[in-house]
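One structure below.
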Amino acid sequence: MKKNLISVLILALLVVNLVLTAILTITILPETKKSNELINQVCSAINLELKSGEGTDASTVPIDDIETYDIPDSMTINLKRGDDGKDHYAVLTVSLSLNKGDPDYETYQPTLDTKQSLIKNEINTIVAEYTYDQIRDNQQQVQDAILKDLQKLFDSDFIVSVGFSSATYQ
């Protein structure tokens, strides 16, 4: 008799638990949907993208989708005067890695040759902000700054990385 009474008690508690879970789900789900809609409206009002992260990194793009574009001529750029007071310069050969899977690739890739002077100007402007010691010690930081500036210039993430195929600092 005791076993039967305990079984009935457990069954009753199970049914109560199931009913309370159903009530909780029914009351919370509509509020969650309303909150999600509100967040979407706020994001669209301030023109935010709902994707996480900023830009596309070359490490997230499959190697088959990356095409390199080499800027044909090496660039000689005067560097910012450092603590030593001497004039220094950098001789760089720059290559861009392009994401062939990006929607803007088809639009901008054919125009890279015609926009070469704009690209060189952006590279020149960024590199000239660094001293000899800064560019020698933080080459990746310079490449990241150039990448960010070129993505801003094209208003697109189809350029995923900037590399120096040769770099000489004097």
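Convert by adding 197 to the 1-based position in the sequence shown; the result is the number in my numbering.
Beta carbons are placed, not taken as given, at the ideal position from N, Cα and C, and that holds for glycine.
Item                                                                                                                                                                           : Value
For V357, is the classification buried or exposed, using 16 other Cβ atoms within 10 angstroms of its Cβ as the cut-off for buried?                                            : buried
Have a look at L247 and C240 and give me their C-alpha separation to the nearest angstrom.                                                                                     : At L247, the pLDDT of 49 sits below 50, so the modelled position is not reliable; the number obtained from the coordinates is stated separately. About 7 angstroms.
Contact between the segment 324 to 334 and the segment 283 to 292 is defined here as three or more beta-carbon pairs at a separation below 8 angstroms; is this criterion met? : yes
Tell me the DSSP secondary structure of S353 in three-state form.                                                                                                              : coil
Report yes or no: do the segment 217 to 237 and the segment 254 to 269 share at least 3 C-beta pairs separated by less than 8 angstroms?                                       : no
Thinking C-alpha only, which one of V205, Q367, P269 is nearest K317?                                                                                                          : P269
Beta-carbon separation of L347 and L276 under 9 angstroms?                                                                                                                     : no
Using the beta-carbon count (16 or more within 10 Å), is A342 buried or exposed?                                                                                               : buried
Residues in the same chain with beta-carbon distance under 8 angstroms from D301, minus the five sequence neighbours each way, listed in chain order, please.                  : F351, S353, D354, F355
Buried or exposed for N237, please, with buried defined as at least 16 other CB atoms from any protein chain shown within 10 angstroms of its CB.                              : exposed
Using the Cα positions of I207 and L217, report the straight-line distance between them to the nearest angstrom.                                                               : 15 angstroms
Taking all protein chains shown into account, decide if Q367 is buried (16 or more other Cβ within 10 angstroms of its Cβ) or exposed.                                         : exposed
At which residue ranges does the segment 268 to 294 contain complete beta strand (DSSP E) runs of 3 or more residues, listed in the order of the chain?                        : 272 to 275
Enumerate in chain order the residues of its own chain whose CB-to-CB distance from V213 is below 6 angstroms, with the five nearest sequence positions on each side excluded. : none
Alpha carbon to alpha carbon, how far is S232 from S314? Give it in angstroms, no decimals.                                                                                    : 48 angstroms
Take G360 and list the residues in its own chain whose beta-carbon comes closer than 6 angstroms to its own, dropping the five residues that flank it on each side.            : S292
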